[in-house]
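Residue numbers (this note's numbering): 40 to 493.
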Amino acid sequence: MTELQPLDAGFIELEDSDRHISLGIAAVAILSGTPPSHAEFEAVLADRVAANDRLRQRVRRAPLDLTVPVWESDPNFDLAHHIRWSALPEPADEAELREFIATELVERLDRDHPLWECVVVERVAGRGWALIVKAHHSLVDGISGVSLFESLCDAHEVAQPPAGERADGAARPKNWFDWAVTGLRLPIDVPRYALGMARSLAPVAAALVSAPTASSLNGPIGRQRRYVIARASLAEIREIGRGFDATVNDVVLAAVTSAYRAVLLGRGEDPTGNSVRILVPVSMRAADAKKAFDNRVSAVLSLLPLHLEDPVERLRTIHERMLRHKSSGAAQSEKSLLALAGRVPFAPVAWSLRLWTRLPQRGVTAVATNVPGPRGTLTMLGREVLELLPAIPIAMRLRTGIAILSYGDQLTFGITGDYDSTPDLEVIADGIHTAVAELLAAARERQPIVKSSR
Numbered sequence: 040m041t042e043l044q045p046l047d048a049g050f051i052e053l054e055d056s057d058r059h060i061s062l063g064i065a066a067v068a069i070l071s072g073t074p075p076s077h078a079e080f081e082a083v084l085a086d087r088v089a090a091n092d093r094l095r096q097r098v099r100r101a102p103l104d105l106t107v108p109v110w111e112s113d114p115n116f117d118l119a120h121h122i123r124w125s126a127l128p129e130p131a132d133e134a135e136l137r138e139f140i141a142t143e144l145v146e147r148l149d150r151d152h153p154l155w156e157c158v159v160v161e162r163v164a165g166r167g168w169a170l171i172v173k174a175h176h177s178l179v180d181g182i183s184g185v186s187l188f189e190s191l192c193d194a195h196e197v198a199q200p201p202a203g204e205r206a207d208g209a210a211r212p213k214n215w216f217d218w219a220v221t222g223l224r225l226p227i228d229v230p231r232y233a234l235g236m237a238r239s240l241a242p243v244a245a246a247l248v249s250a251p252t253a254s255s256l257n258g259p260i261g262r263q264r265r266y267v268i269a270r271a272s273l274a275e276i277r278e279i280g281r282g283f284d285a286t287v288n289d290v291v292l293a294a295v296t297s298a299y300r301a302v303l304l305g306r307g308e309d310p311t312g313n314s315v316r317i318l319v320p321v322s323m324r325a326a327d328a329k330k331a332f333d334n335r336v337s338a339v340l341s342l343l344p345l346h347l348e349d350p351v352e353r354l355r356t357i358h359e360r361m362l363r364h365k366s367s368g369a370a371q372s373e374k375s376l377l378a379l380a381g382r383v384p385f386a387p388v389a390w391s392l393r394l395w396t397r398l399p400q401r402g403v404t405a406v407a408t409n410v411p412g413p414r415g416t417l418t419m420l421g422r423e424v425l426e427l428l429p430a431i432p433i434a435m436r437l438r439t440g441i442a443i444l445s446y447g448d449q450l451t452f453g454i455t456g457d458y459d460s461t462p463d464l465e466v467i468a469d470g471i472h473t474a475v476a477e478l479l480a481a482a483r484e485r486q487p488i489v490k491s492s493r
């Protein structure tokens, strides 16, 4: 048995706080050809699951959360619990697939078994077939979620544990002696961590306390979801970045800003500079821990400049703000805060988190997570992976969430929305397409004209 990390356990608590949410994140692969037979798929999956112990472990919680939840081997592990076969209604096109993905996002994973599953969709018209790999957020973050998908593909590699670290990425459960030592060190450790974090956490705390201007993007959510897709060329995104000395993430956030501006204008609301504060997860995962199944992220909170009409000015403003956030040390301070949470008794941490998740937060309006995906072409059972679509859950009054995933030369935006409050979710996808086109045109206009030598 191994303990869950504080952030991993936090996602369990968050899901328990709201009956309307499911915290499964998904990668949806569109594959060529026809799907394998049930027997062939199960045989290959069994072999690949056997390479990672965590995929055969479930979460066990203590009564009243008095101790940290642990991963333990599922004594009744049965691969059949984790495989489902389905078919889309006619015409079985992308619209039907998107609706199916939206339905899958609300289905909670069974806590009695390991928290992942594969759903085979037998036909996607004009494309082939699809595979949805879904795992609970307590098991994976964006990067380790991609690693989970890659581990199920052909020519997969068995995860090697980093030096001095378990392959599952978690610490062993503490015994009574460990807890006694921890208790004796608390008077020393707590002030040391607190002093180191106070200054860098101040901007984060101020952001959470000072809520953005009220808008329809934040509020209660129901159980049903919508899901739409936007696509961009990664080469064109990089071209925009070179043209304006910005990062890929800056360009992505500029496109997201334009999309939310379009949504608010379409709803008759004023897109001010204080309308949308977005949460952007930042990976804290070392290169040698890519395949450890857990969460290793911090976050940046930033107001989006929705009030700016010029798309280039929006990009420059975002670039400057992200530079300030990176230099502020807020991400490192949050990492230290999570480390501190792992040093104190779990019960008060869990109870405090449970209380906090039940309060109506208004400090954050949306979430956008950008994950680098596989660079080369993947295959599964000899079928080429044509496209990867990311899908993330929503919670905590966030009525929309955007996952961005690269695969080959394509950047895909998977956009999740609350069904009742976001009937115009397609406006976000259209806004992203429009923003990328505008920024690309502006970047190309800035390029010097090379005169012919003739």
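Where a beta carbon is used, it is the ideal one built from N, C-alpha and C, also for glycine.
- Boundaries cannot be given for Glu129, as no beta strand (DSSP E) includes it and DSSP labels it neither H nor E.
- Here Arg401 has Ala250, Pro251, Ala253, Asn257 and Arg436 as same chain residues with Cβ atoms under 8 angstroms from its own Cβ, once five neighbours each way along the sequence are excluded.
- In the DSSP assignment, Ser314 is bridged to no other residue.
- Within the DSSP bridge table, the entry for Thr451 names Arg270 and Leu444 as partners.
- Contact annotation: Ile182 and Gly453 have beta-carbon atoms that are not nearer than 8 angstroms.
- Taking all protein chains in view, the Cβ of Met40 is surrounded by fewer than 16 other Cβ atoms within 10 Å, so the residue is classified as exposed.
- With distances taken between CA atoms, Val315 lies nearest to Ala293 out of Ala293, Glu423, Met323 and Val83.
- Taking all protein chains shown into account, Arg281 has fewer than 16 neighbouring C-beta atoms within 10 Å of its C-beta and is therefore exposed.
- Taking C-beta separations shorter than 7 angstroms and ignoring five residues to either side along the sequence, the partners of His472 in its chain run Ala269, following chain order.
- Runs of the beta strand (DSSP E) lying entirely within the segment 57-144, each at least 3 residues long, are 63-70, 96-99, 109-112 and 122-125 in chain order.
- Taking the C-beta atoms as reference points, Pro413 is found nearer than 8 angstroms to Val185.
- Taken through DSSP and simplified to helix, strand or coil, Asp457 comes out as strand.
- Going by DSSP, His175 is part of no alpha helix (DSSP H) but of the beta strand (DSSP E) stretching over Gly167 to His175.
- Beta-bridge partners of Trp155 (DSSP): Ala174.
- When His346, Met323, Asn334 and Ala338 are compared, the shortest CA-CA separation from Thr311 is found for His346.
- Here Ser337 carries a strand assignment [DSSP, helix/strand/coil].
- Straight-line measurement puts the Cα of Arg485 at about 43 angstroms from the Cα of Lys173.
- Per DSSP, Pro45 is one residue of the alpha helix (DSSP H) stretching across Pro45 to Asp55.
- In the displayed model, Pro429 falls within a strand according to three-state DSSP.
- Between Thr404 and the set Arg300, Pro153 and Asp349, the nearest pair of CA atoms involves Arg300.
- Judged by DSSP in its simplified three-state form, Val185 adopts helix.
- In this structure, Glu423 is the residue among Glu423, Phe332 and Thr439 with its C-alpha nearest to the C-alpha of Gly72.
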